[in-house]
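Contents: one structure, followed by commentary.
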Amino acid sequence: MAEKTVLADASPEKRLFISLITRDISLVDAFLDIIDNSINAALEPLAADLKTADDYQRIASSKAKPKVKIEIEIKPTRIVVKDNASGISLATATDHVFKFGRGDDDGSETADRLSVYGIGLKRAMFKCGNRIEIVSDHRQGGLSST
(Lines of atoms letter the chains of each structure in order from A and count residues from 1; the text may use other names and numbers.)
(Lines give C-alpha, C1' and ligand atoms only; values in the text may rest on other atoms or scores of the structure.)
Protein backbone atom coordinates (compact mmCIF):
# COMPACT_ATOMS: atom_id res chain seq x y z
CA MET A 1 0.00 0.00 0.00
CA ALA A 2 1.42 3.39 -1.00
CA GLU A 3 1.96 6.00 1.70
CA LYS A 4 0.13 9.24 1.29
CA THR A 5 1.46 12.47 2.75
CA VAL A 6 -1.17 14.77 4.16
CA LEU A 7 -0.35 18.34 5.12
CA ALA A 8 -2.32 19.89 7.93
CA ASP A 9 -2.39 23.52 8.96
CA ALA A 10 -1.31 23.48 12.62
CA SER A 11 -0.77 27.21 12.97
CA PRO A 12 -2.42 28.68 16.06
CA GLU A 13 -5.25 31.14 15.82
CA LYS A 14 -4.52 34.70 16.86
CA ARG A 15 -6.97 34.57 19.78
CA LEU A 16 -5.20 31.50 21.24
CA PHE A 17 -1.82 33.24 21.05
CA ILE A 18 -3.17 36.40 22.70
CA SER A 19 -4.94 34.36 25.38
CA LEU A 20 -1.71 32.51 26.21
CA ILE A 21 0.37 35.66 26.65
CA THR A 22 -2.25 37.56 28.66
CA ARG A 23 -4.03 35.01 30.85
CA ASP A 24 -1.68 35.45 33.82
CA ILE A 25 -2.06 39.25 34.09
CA SER A 26 -4.98 41.31 35.30
CA LEU A 27 -6.42 44.31 33.50
CA VAL A 28 -5.31 46.48 36.43
CA ASP A 29 -1.72 45.24 36.09
CA ALA A 30 -1.85 45.94 32.36
CA PHE A 31 -2.78 49.57 33.03
CA LEU A 32 -0.15 49.85 35.74
CA ASP A 33 2.47 48.59 33.29
CA ILE A 34 1.45 51.23 30.75
CA ILE A 35 1.72 53.90 33.48
CA ASP A 36 5.11 52.46 34.49
CA ASN A 37 6.26 52.92 30.87
CA SER A 38 5.15 56.56 30.95
CA ILE A 39 7.12 57.17 34.15
CA ASN A 40 10.19 55.45 32.67
CA ALA A 41 9.95 57.71 29.62
CA ALA A 42 9.83 60.77 31.88
CA LEU A 43 12.99 59.56 33.65
CA GLU A 44 14.83 58.81 30.40
CA PRO A 45 16.77 62.12 30.34
CA LEU A 46 18.10 61.33 33.85
CA ALA A 47 19.00 57.70 33.12
CA ALA A 48 22.75 58.14 33.54
CA ASP A 49 22.21 59.42 37.10
CA LEU A 50 19.78 56.70 38.21
CA LYS A 51 21.75 53.64 39.30
CA THR A 52 20.51 52.96 42.85
CA ALA A 53 17.41 53.40 44.99
CA ASP A 54 19.17 56.34 46.68
CA ASP A 55 19.47 58.02 43.28
CA TYR A 56 15.71 57.70 42.79
CA GLN A 57 15.09 59.10 46.29
CA ARG A 58 17.38 62.05 45.55
CA ILE A 59 15.51 62.83 42.31
CA ALA A 60 12.10 62.38 43.98
CA SER A 61 12.97 64.88 46.71
CA SER A 62 14.64 67.45 44.47
CA LYS A 63 12.91 70.47 43.01
CA ALA A 64 14.20 69.49 39.57
CA LYS A 65 12.33 66.18 39.53
CA PRO A 66 10.75 65.32 36.20
CA LYS A 67 7.05 65.96 35.89
CA VAL A 68 4.85 63.67 33.85
CA LYS A 69 1.14 64.01 33.30
CA ILE A 70 -0.69 60.76 32.64
CA GLU A 71 -4.35 60.84 31.63
CA ILE A 72 -6.59 57.78 31.43
CA GLU A 73 -9.96 58.20 29.76
CA ILE A 74 -12.38 55.28 29.91
CA LYS A 75 -15.35 55.18 27.54
CA PRO A 76 -17.73 52.31 26.75
CA THR A 77 -15.95 51.47 23.48
CA ARG A 78 -12.40 52.69 24.03
CA ILE A 79 -9.73 53.48 26.57
CA VAL A 80 -7.24 56.28 25.97
CA VAL A 81 -3.96 56.61 27.86
CA LYS A 82 -1.99 59.82 27.21
CA ASP A 83 1.17 61.21 28.73
CA ASN A 84 3.51 64.11 28.14
CA ALA A 85 6.70 62.07 28.52
CA SER A 86 9.37 61.67 25.83
CA GLY A 87 7.45 59.11 23.76
CA ILE A 88 8.57 56.08 21.79
CA SER A 89 10.94 56.55 18.88
CA LEU A 90 10.28 54.76 15.62
CA ALA A 91 13.54 52.80 16.09
CA THR A 92 12.53 51.66 19.59
CA ALA A 93 9.07 50.70 18.36
CA THR A 94 10.55 48.69 15.49
CA ASP A 95 13.41 47.07 17.42
CA HIS A 96 11.72 46.46 20.79
CA VAL A 97 8.09 47.45 21.32
CA PHE A 98 6.52 45.47 18.47
CA LYS A 99 9.08 42.66 18.43
CA PHE A 100 8.24 39.44 20.26
CA GLY A 101 11.13 38.11 22.31
CA ARG A 102 14.52 39.61 23.01
CA GLY A 103 17.97 38.60 21.94
CA ASP A 104 20.62 37.81 24.57
CA ASP A 105 22.57 40.93 23.63
CA ASP A 106 19.50 43.17 23.52
CA GLY A 107 20.53 45.25 26.54
CA SER A 108 17.04 46.72 26.89
CA GLU A 109 16.68 45.46 30.46
CA THR A 110 19.22 48.07 31.52
CA ALA A 111 17.20 50.81 29.87
CA ASP A 112 14.12 50.11 31.98
CA ARG A 113 14.06 52.42 35.00
CA LEU A 114 11.33 51.24 37.33
CA SER A 115 10.20 47.90 35.93
CA VAL A 116 7.83 47.49 38.82
CA TYR A 117 5.37 45.60 36.70
CA GLY A 118 7.54 44.25 33.89
CA ILE A 119 4.56 42.85 32.02
CA GLY A 120 5.69 44.33 28.77
CA LEU A 121 3.86 46.81 26.61
CA LYS A 122 2.73 44.22 24.05
CA ARG A 123 1.12 42.01 26.68
CA ALA A 124 -0.47 45.02 28.38
CA MET A 125 -1.90 46.28 25.09
CA PHE A 126 -3.29 42.86 24.16
CA LYS A 127 -4.90 42.59 27.59
CA CYS A 128 -6.57 46.00 27.16
CA GLY A 129 -8.27 45.40 23.84
CA ASN A 130 -8.56 44.07 20.31
CA ARG A 131 -7.52 47.25 18.49
CA ILE A 132 -4.55 49.27 19.68
CA GLU A 133 -3.47 52.65 18.36
CA ILE A 134 -0.17 54.23 19.37
CA VAL A 135 0.67 57.81 18.53
CA SER A 136 4.04 59.07 19.72
CA ASP A 137 5.96 62.29 19.35
CA HIS A 138 9.65 61.66 19.89
CA ARG A 139 12.64 63.90 19.26
CA GLN A 140 14.24 61.14 17.12
CA GLY A 141 11.11 60.54 15.06
CA GLY A 142 7.72 59.50 16.34
CA LEU A 143 5.15 57.11 14.99
CA SER A 144 1.49 56.46 14.46
CA SER A 145 0.46 52.82 14.37
CA THR A 146 -2.79 50.87 14.62
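The sequence shown lines up with residues 108 to 253 when you count with our numbering. We put the beta carbon where it would ideally sit given N, CA and C, even for glycine. As the structure is a computational prediction, the values presented were derived from the model and not from experiment.
Residue i versus residue j: straight-line alpha-carbon distance, rounded
i, j, result
"T217", "E110", "Summary for T217: the model assigns pLDDT 47, below 50, so the residue's position carries little reliability, and this model does not support an answer."
"D219", "P183", "For D219, the predicted structure reports a pLDDT of 48, less than 50, and the residue's modelled location is therefore unreliable. The matter cannot be settled from this model."
"V175", "F124", "34 Å"
"L197", "M108", "58 Å"
"A115", "R238", "30 Å"
"S118", "E240", "26 Å"
"I181", "A154", "32 Å"
"I186", "L157", "32 Å"
"A160", "E151", "16 Å"
Bridge-paired residues (DSSP) for residue i
i, result
"V242", "S251"
"I186", "I181"
Nearest candidate by alpha-carbon position, reference residue i, set the options
i, options, result
"Q247", "L150, T199, I186, A160", "T199"
"A148", "I195, V242, G227, K229", "I195"
"A171", "Y163, I177, E178", "Y163"
"H203", "I179, K229, L127", "K229"
"A231", "L250, S243, R122, V135", "V135"
"D143", "R122, G236, G227", "G227"
"G236", "V113, F138, D244, S251", "F138"
Integer Cβ distance of residue i from residue j, believed to fall under 8 Å
i, j, result
"F233", "T129", "5 Å"
"S133", "I177", "Not quite, the Cβ-Cβ distance comes to about 19 Å (not below 8 Å), so this is no contact."
Is it the case that the stretch 191-211 contacts the stretch 160-170, given that we only count it when at least three CB pairs across the two stretches are under 8 Å?
no
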